[in-house]
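Numbering (our numbering), first residue to last: 154 to 549.
All C-beta atoms, glycine included, are put in the ideal place defined by N, C-alpha and C.
The model shown is predicted, which means the values in this text are computed figures rather than measured ones.
These notes concern the structure reproduced below.
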Amino acid sequence: MRKTFWLLGVAAVIATLVSCNRNTKSGPAVYELEVYKTQEVLVNAEDRGGRYGRTLPADLWDADGKDVLVFLVNDKEQYYDLETGKKISDVGKPAEATMPLDTNKTFKLQLASGNEKLWTEINPYNENNEVQVSLEYDMTNDVYWGGISYDFQYYGETLHTLVLTDKDLNYLGEIYNAVWPWFSNGRILVNIEPVNDSIVKVNYLKLTKTERDYKEYIDSCRADLEKKYKDWEEYKENNSPENSPLIGLVKPEADRIYKVLAFYCKDEISDGDRMVIDSLLVNNKVVEHAPIYLVVSADNEEAAAAYVKKNGLDCFSKIVFDTEGIAKTDAGQDNPRFIRVEDGLITTDTVYNTEDLCKKMFPRLFGEGEFTRYYYDEEYGGLIVGVDYNITFGQN
């Protein structure tokens, strides 16, 4: 009996400690943002892009309890109910998804402590070395989240951190280079993955708290940032104008940033080359006036000239013949090569397979940044760089 009372007493003490621990304010934790469900939305023919393009959603609404994707088509809104994946006409009044108070609060972040380089145009520092973050509410997890971006010119690629706070705006933690949420309507977080010109895949994101050690996690993130910086510095050194023969192929007089598209002459043109050439011809005025250059690699000038004429590329003036094999690669000559040069440094050099042309290469060739595209205005008589959510790379 005495032993039984002793065990009950120990159990009571443990229960009390657990209860106190639950009520004690915990420090920052390591969170993860994972894809827990995917759904495909079939966009109607009148709402989507052409052969080589696509229409991407512009927003996500909570409309009378429905999760609605919003597309902008010819400056008009088109709506798709995510529950059914089908187009709807009446969405009701969209609920306000933003936080009902000022969220432009400054935070002292672990991964923005002054040692790391932020994209300061978006995330300005103040005199206390804090960063300003605009937050959105996620009612599912009862947290607020916002994003900071690191300087891609310093690290060589796009990197970011999601910042998490509780309802009292107390800092909870950061998720380094996570899946980036495209949209939130307060109820769900999603990002978008275009499948083809007809289908958009919606990835639903789930926020979970892990048991990982927070300090070790932050240290590993900081180490990764440091490695990316060192790798980028090494890459720039190896691809400096003195070390890269590719830079010598095209020497524009005024373009600080320009793009090069390289083809290798073959007896039979590949599907990838054909798709790229079709898109170049359809957008011939954009290509002619934008900082876009074509390189045709062949054994001799006669073969290069024949390739250009056979495929209708002789309408372009900015073509360079490569007879020394500089633009050839070991990745297989059935695929076109895309090169981006900025301030005399190669920042992108990729050989694309056919499946990745529309999704990856065309946006990088015809535009600068997300949703920003080149287009030629007939009345204006020149090239315009602007926002166009409905860019079509395969038709006029």
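Residue span of the alpha helix (DSSP H) that contains residue i, given as start and end
i	result
D377	Y367 to N391
I430	D424 to V435
K463	E454 to K463
S518	Strictly speaking, residue 518 in this sequence is Leu, with Ser absent from that position. Here the alpha helix (DSSP H) through L518 covers F515 to F519.
Y308	F305 to Y308
Beta strand (DSSP E) segment containing residue i, residue limits
i	result
Q263	Element bounds for Q263: n/a, residue is neither H nor E.
Y446	I445 to S450
P347	L342 to P347
Y411	I410 to Y417
Nearest-angstrom Cβ-Cβ length linking residue i and residue j, presumed shorter than 8 Å
i	j	result
I345	L209	6 Å
Y303	L312	4 Å
R375	L271	R375 to L271, Cβ: 14 Å. No contact.
V348	E193	7 Å
P109	G339	Because the chain in this structure spans residues 154 to 549, residue 109 falls outside the shown range and cannot be described.
P247	D215	6 Å
D217	G245	4 Å
F519	V429	In fact, because the Cβ distance is near 11 Å, the residues do not count as touching under 8 Å.
Burial state of residue i, where buried means 16 or more other Cβ atoms lie within 10 Å
i	result
A343	Looking at the sequence provided, one finds Val at residue 343 rather than Ala. When all chains shown are included, V343 counts as buried.
E421	exposed
S337	buried
Y184	buried
V353	buried
S242	exposed
N436	buried
R175	Note that R175 scores 37 on pLDDT, short of 50, meaning its location in the model is unreliable; the coordinates nonetheless yield the value given after this. R175 is exposed by the Cβ-count criterion.
K412	buried
S432	buried
T125	Given a span of 154 to 549 for the chain in the structure shown, any question on residue 125 remains unanswerable.
D496	exposed
A451	buried
R490	buried
D291	buried
A443	buried
T177	Because T177 sits at a pLDDT of 42, beneath the cut-off of 50, its placement in the model cannot be relied upon, and the following sentence gives the value as read from the coordinates. Exposed, by the Cβ-count rule.
Sub-7 Å separation of residue i and residue j beta-carbons
i	j	result
E310	L378	no
V284	G299	no
L186	A331	yes
L498	K380	no
I341	L402	no
V196	N356	no
G132	T507	In this structure the chain extends from 154 to 549, so residue 132 is not present and cannot be described.
A457	F469	no
Y329	T314	yes
Y382	Y460	no
L360	P334	no
Check whether the segment 217-226 and the segment 363-379 touch, using three or more Cβ-Cβ pairs below 8 Å as the test. no
Per the contact definition of three or more C-beta pairs closer than 8 Å, is the segment 434-447 in contact with the segment 414-421? yes
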